[in-house]
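Below you'll find the structure, written out as structure tokens, and then a few comments.
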Amino acid sequence: MSASEGALLTGFADAGQALFSTPKPGCYLYHAASVDNTKNRLQPGKDFDFFPFPKTGEASSGVNEVSADFAVLVRQTPQAKELVKFLASDAAQGIWPARPGSGALSPDRNIGLGVYPDEVSRSLARILTGAPVCLDASDLMPSSLSNAFNQAMLAFLSDPARYADPANVHALLANLDKVAAQAYPGNRTLNYHCGQF
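Residue 713, in my numbering, is where the sequence shown stops; the numbers in between run on with no holes.
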């Protein structure tokens, strides 16, 4: 199996297994792209920068698609509640972004731009806090639909020639509609609008 086939055919739950294979781990730099191996030698604005995702039309104008990490209170102990309360506070939201090299951003509009160590971070923070943001649809789906969506994307990417035929694309989408109907019984949909956090 080629590396690209392996990447397409390996599920999220199994993706890290090679880290623990014996006698020699199959991968030493899992998520290497998210690790700065330059020891912060690169200068923001000089060695790297960013550009916003291109707008696809009038409907996407003024809206930015983002991903996010959420803290979830699984067991409601006083200590857990206190931790979540602290993590959501303005004070806590300003700690990580202030660390040079962290790359962290906060959606908290009460965090001043001065907390960010460089202009690239400040520009990103302006976008994150200044315009409506939308989570990617796959982040909002119930797990059954999210899994089906991921499998459909992998199928589509693994055989582009097959999906050049619109009938095969329609079959893929029909299956997603079937899973969505089960995930949202009674035609129930997620009541979420962009910009509402």
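Note that the Cβ used here is the ideal one computed from N, Cα and C, for glycine as well.
- About 4 Å separates the CB atoms of Gly-617 and Asn-556; that is less than 8 Å, so the two are in contact.
- Taking one beta carbon from each stretch, the segment 666-674 and the segment 686-706 have 3 or more pairs nearer than 8 Å; the two touch.
- Rounded to the nearest angstrom, the Cβ distance from Val-649 to Asp-565 is 20 Å, too far for a contact under 8 Å.
- With respect to the 8 Å criterion, Leu-644 and Leu-621 are classified as neighbours on the basis of their beta carbons.
- The continuous alpha helix (DSSP H) containing Leu-692 extends over residues 682-699.
- DSSP assignment within the segment 568-631 yields the following whole alpha helix (DSSP H) runs of 4 residues or more, N-terminal first: 594-603, 606-609 and 611-614.
- Going by DSSP, Leu-644 is part of the alpha helix (DSSP H) stretching over 635-646.
- Between Val-695 and Ser-654, the gap from beta carbon to beta carbon reaches 8 Å or more.
- By DSSP's assignment, Leu-651 forms a beta bridge with Val-582.
- In this structure, Ala-699 lies near Pro-658, with their beta-carbon atoms less than 8 Å apart.
- Counting other Cβ atoms within 10 Å of its Cβ, Gln-595 stays below 16 and is therefore classed as exposed.
- The beta-carbon distance between Asp-624 and Asp-652, rounded to whole angstroms, is 21 Å. This is too long to meet the 8 Å contact definition.
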